[in-house]
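**Student:**
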Amino acid sequence: MNALGDTATVMVHINRIREKIEPNPTTPIYIETVWGVGYRFRDDAGHKG
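The sequence shown begins at 60 in my numbering and counts up one residue at a time.
#1: Need the endpoints of the beta strand (DSSP E) that I90 sits in, please.
#2: CB-CB under 8 Å to P87, same chain, minus the five flanking residues each way: which ones, in chain order?
#3: Would DSSP call R101 helix, strand or coil?
#4: Taking only the alpha-carbon atoms, compute the straight-line gap between T68 and T92 and give it to the nearest angstrom.
Next comes the structure, spelled out in structure tokens:
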């Protein structure tokens, strides 16, 4: 599989996870996109302190 196919596969899975856990998947707060790197999970998202 080429890099483009791998990237698309990851994006599909991230979007599916976002649909399940994010209050609004179009503006994610838990799974953050880090451009040029990938994704990261923000375990402090939504906490006010």
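Each residue gets a CB set at the ideal place from its N, CA and C atoms; glycine is no exception.
**Tutor:** Per the coordinate set shown:
#1: 90 to 93
#2: Take P87, set aside five residues on each side of it, and the residues of its chain with a beta-carbon closer than 8 Å to its own are R77, E81, in chain order.
#3: The answer is coil: DSSP assigns R101 none of H, G, I, E or B.
#4: 15 Å
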